[in-house]
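Asks: Please find one structure pasted underneath; my questions will follow.
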Amino acid sequence: MTHTSAFSLEFAAATDIGCKRGNNEDSFGYDAERHVYVVCDGMGGSAAGEVASGMAVRTLIETFEAASSGALDSASARPVEECLMASIHQANRAVREAAENNPELHTMGTTLVCACLDGNRMVLGNVGDSRGYLIRNGACMQVTQDHSFLDEQVRSGIITPEIAAASNLQSVITRAIGAADTVEPDLFAVELSIADIFLLTSDGLTRYAQPDQLAQMISASGELTAICDLLIEHAKQSGGMDNITCIMLRVVESASPAAVEETDATLPATEP
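Numbers in our numbering are just positions in the sequence shown, counted from 1, shifted up by 553.
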């Protein structure tokens, strides 16, 4: 893992319970020193979703820290893809074992999307339908691919995006952290440019915002906390049927100070 880079990150994060839910099952976390960030969207009903997402966030961050500990500048450090993959698999094991050992949690699981700065690249990983986007030069592109029934049908050419958008199967996912003994994450890498912005978010936002709408709301020079608030308000004004969580990352020159997020990095996200 290479940490010598011309780039650093500014960041902000926010979460909201939305307009219909009784509790917030989303969680987010980060390690600003190692530039690793994660958003999880829990499922399982009652408090189980909160448990799953919070556990996955904590386990990923702690495992990634251990994998890269003492090797921030070492040429022999493990590749970031290897560290992220190991961390995601460990998060899956932690959630799976907790669900199997507690009957009240046996249905729990969570989606996951994460990102890590690696030299002049951003490496993203996901399980489920929480997404990572790149906003560059006024355009927004989804980097990750949803592990969902509808998205896989669209990619296979079985249905059109328009049919998928009108379907009542929006929440049916095909992979999740904790759903099985093993999990298959996808990893993606993006070569960076100054002022690139990355958005990590749960589907509480993306069900209400297409990439062109996100591009209009996310300004390259805008204040990141204000952008998070704008995105959440857009989702709530559009219905807010689910919890809404987003992390914004802006690529800056390495001499620029990183923003400081006030929310605890390793606890389940709560309504501001």
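The C-beta atom is built at its ideal place from N, Cα and C for all residues, glycine as well. Values in this document were obtained by computation on a predicted structure and should not be read as measured data.
1) Along the chain, where does the beta strand (DSSP E) containing Ile591 start, and where does it finish?
2) At what residue ranges does the region 662 to 745 contain a whole run of the beta strand (DSSP E), taking only runs of 3 or more?
3) If I follow the unbroken alpha helix (DSSP H) through Ser774, where does it start and stop?
4) How far does the alpha helix (DSSP H) with Met638 in it extend, from its first residue to its last?
5) Rounded to whole angstroms, what's the CA-CA distance from Asp739 to Tyr583? Just pull it up for me.
6) If you count every other CB in all the chains shown that lies within 10 Å of the CB of Arg587, and 16 or more means buried, which is it?
7) Considering Cα atoms alone, identify which of Ile716, Gly731, Met801 and Ser561 is closest to Thr568.
8) Would you check if the distance between the CB atom of Val666 and the CB atom of Arg684 is smaller than 8 Å?
9) Would Gln698 and Tyr686 qualify as a contact pair, given that the criterion is a beta-carbon distance under 8 Å?
10) Taking only the alpha-carbon atoms, compute the straight-line gap between Ala808 and Glu715 and give it to the nearest angstrom.
11) Tell me which same chain residues have a C-beta within less than 8 Å of the C-beta of Leu767, skipping the five on either side of it?
12) Using 10 angstroms around the beta-carbon of Glu744, count the other beta-carbons present and answer buried if the total reaches 16, otherwise exposed.
13) Taking the continuous alpha helix (DSSP H) assigned at Gly582, which residues delimit it?
14) What does Phe564 pair with, by DSSP beta-bridge criteria?
15) CA-CA distance, Thr798 and Ile711?
16) Specify the secondary structure class of Ile570 as computed by DSSP and reduced to three states.
17) Could you tell me the boundaries of the beta strand (DSSP E) in which Cys750 lies?
Replies: Reading off the structure:
1) Against the sequence shown, residue 591 aligns to sequence position 38. The sequence shown places Val at residue 591, rather than the Ile named in the question. That run of the beta strand (DSSP E) goes Val589 to Met596.
2) 662 to 671, 674 to 680, 684 to 689, 692 to 695 and 739 to 744
3) Along the sequence shown, read from residue 1 onward, the residue named residue 774 stands at position 221. From DSSP, Ser774 is part of no alpha helix (DSSP H); its letter is neither H nor E.
4) Stepping through the sequence shown from its first residue, residue 638 is reached at position 85. It spans Val633 to Asn654 - the alpha helix (DSSP H) in which Met638 sits, taken as one unbroken run.
5) As a first step, residue 739 is located in the sequence shown; it is residue number 186 there, counting from the start. As a first step, residue 583 is located in the sequence shown; it is residue number 30 there, counting from the start. Distance between the alpha carbons of Asp739 and Tyr583 is about 19 Å.
6) The count along the sequence shown starts at 1 and reaches residue 587 at position 34. By the 10 Å Cβ count, Arg587 comes out buried.
7) Within the sequence shown, residue 568 is the residue found at index 15, counting from 1. Checked all of Ile716, Gly731, Met801 and Ser561; the closest Cα to Thr568 is Met801.
8) Reading the sequence shown from its first residue, position 113 is the one you call residue 666. Reading the sequence shown from its first residue, position 131 is the one you call residue 684. In contact: Val666 and Arg684 (Cβ atoms closer than 8 Å).
9) As a position in the sequence shown, residue 698 is number 145, starting the count at 1. As a position in the sequence shown, residue 686 is number 133, starting the count at 1. No, they are not a contact pair.
10) By 1-based counting over the sequence shown, the position of residue 808 is 255. By 1-based counting over the sequence shown, the position of residue 715 is 162. Rounded to whole angstroms, Ala808 to Glu715 spans 45 Å at the Cα level.
11) Working through the sequence shown from its first residue, we reach residue 767 at position 214. Around Leu767: Tyr686, Ile688, Cys693, Leu752 and Leu784.
12) What you label residue 744 is simply residue 191 of the sequence shown in a count that begins at 1. When all chains shown are included, Glu744 counts as exposed.
13) To locate residue 582, count along the sequence shown from 1; it is residue 29. Gly582 -> not in any alpha helix (DSSP H); beta strand (DSSP E) instead, spanning Asp579 to Asp584.
14) On the sequence shown, position 11 is the one that residue 564 refers to. Answer is Leu802, bridged to Phe564.
15) Sequence index remark: in the sequence shown, residue 798 carries index 245 (1-based). Sequence index remark: in the sequence shown, residue 711 carries index 158 (1-based). Whole-angstrom Cα-Cα distance: 31 Å.
16) Against the sequence shown, residue 570 aligns to sequence position 17. Residue state, collapsed to three classes: coil.
17) As a position in the sequence shown, residue 750 is number 197, starting the count at 1. The question names Cys, yet the displayed sequence has Ile at residue 750. Ile750 to Thr754 is the span of the beta strand (DSSP E), which, as asked, contains Ile750.
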